[in-house]
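Counting from 1182, one number per residue, gives the positions in the sequence shown under the working numbering.
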Amino acid sequence: MKKGFKIRWVSWLIIASGIFLSLMMKPQSVSASAETPQKTFMVYYRAWRDQAMHGVNTTILDPNPQSMLDLPYGIDIINVFSYVPAGQEAKAQPFFDKLKTVYAPEMHRRGAKLVRALDYGLMVDGLIQQYGKNPTASEIDEYVQTLIYELSGQWGLDGIDIDMEQYPDAEKVALSDRIIQTMGQYLGPKAGKWHLIDL
């Protein structure tokens, strides 16, 4: 009985000492940590798998069950990722009609921005094909305005995602610099609109 009493007494003494020491210590100030900025969440939406675009850029015969409206809330940027092979434009048109009249307005209502992908190589080569290797500033401006309209503007989207994934030579870099600088007049911070570069 004495042994059990001693163990309890020692246990209580340890607990009381711990409480006493914690009360005697100087209080420590706690400062708030710097607020973590909210990260931007972007998704690539494969347009050729949307229910409004069947049989485009795929050999899958099953109907496409998904709709852009199935995307969850909270997405900041939706990259409308869509390659339409030559000859399949008519099959793709229902999707783009729905993009303009249904999807883009609803995604904007949810607070999302929508962009279209632009292949870097096609961007530069398209300029060369149209105006040669030494285009004037006004030719680049005309080319850029057409790109923006065809990829983004006519569908009510917010910008363009330049899909780099290449190792261009110095000549192409010089041309792309001019294209992107001109594009910055219409898209990006100076224009108050979106413009992304995917490296």
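Ideal Cβ positions, reconstructed from N, Cα and C, are used throughout, including at glycine.
Cβ distance (whole Å) where residue i is taken to contact residue j below 8 Å
i, j, result
"alanine 1285", "leucine 1295", "6 Å"
"valine 1224", "asparagine 1260", "7 Å"
"alanine 1254", "arginine 1291", "Residue 1254 is actually tyrosine in this sequence, not alanine. Going by Cβ atoms, the distance from tyrosine 1254 to arginine 1291 rounds to 6 Å, so yes, they are a contact pair."
CA-to-CA distance, residue j to residue i, given in whole angstroms
i, j, result
"valine 1211", "threonine 1221", "Unreliable positioning characterises valine 1211 in this predicted model, as indicated by a pLDDT of 47, which lies under 50. The coordinate reading is nonetheless provided below. So the alpha carbons of these two residues sit roughly 30 Å apart."
"alanine 1213", "glycine 1313", "For alanine 1213, the predicted model reports a pLDDT of 48, less than 50, meaning its position is unreliable; a value from the coordinates is still stated below. Each residue's Cα considered, the two are about 58 Å apart."
"tyrosine 1226", "alanine 1355", "31 Å"
"isoleucine 1309", "aspartate 1342", "20 Å"
"valine 1265", "glutamine 1311", "21 Å"
"glutamate 1270", "glutamate 1320", "27 Å"
"glutamate 1352", "alanine 1267", "28 Å"
"histidine 1289", "proline 1370", "19 Å"
"threonine 1360", "valine 1325", "In the sequence on display, residue 1360 carries isoleucine and not threonine. Rounded to the nearest angstrom, the two C-alpha atoms are 7 Å apart."
"aspartate 1243", "threonine 1317", "48 Å"
"aspartate 1251", "glutamine 1219", "23 Å"
"leucine 1239", "asparagine 1245", "Sequence check: residue 1239 is threonine here, not leucine. Each residue's Cα considered, the two are about 11 Å apart."
Proximal residues to residue i (C-beta, below 7 Å), its chain only, five neighbours per side dropped
i, result
"aspartate 1322", "Thr1363"
"leucine 1380", "With a pLDDT of only 43 at leucine 1380, under 50, the local geometry of the prediction cannot be trusted, and no value is derived from it."
"isoleucine 1258", "Thr1221, Met1223, Ala1293, Lys1294, Val1296"
"isoleucine 1241", "none"
"leucine 1332", "Arg1297, Leu1299, Ile1341"
"isoleucine 1256", "Phe1222, Val1224, Ala1293"
Pair within 8 Å by beta-carbon distance, residue i and residue j
i, j, result
"alanine 1273", "methionine 1249", "no"
"aspartate 1231", "phenylalanine 1277", "no"
"serine 1263", "alanine 1293", "no"
Cβ-based neighbour list, residue i, same chain, cut-off 8 Å, excluding 5 preceding and 5 following
i, result
"alanine 1372", "Gly1365, Gln1366"
"isoleucine 1329", "Ile1341, Met1364, Tyr1367, Leu1368"
"proline 1349", "Tyr1301, Gly1302, Val1305, Ser1357"
"glutamine 1247", "Arg1230, Asp1231, Gln1232"
"glutamine 1335", "Lys1281"
Other residues of its chain near residue i: CB distance less than 6 Å, five sequence neighbours each side excluded
i, result
"glycine 1337", "Lys1281, Ala1285"
Contact test: residue i Cβ vs the ligand NAD heavy atom, cutoff 7 Å
i, result
"arginine 1297", "Only the bare structure without any ligand can be found here, which leaves the ligand NAD out of the picture."
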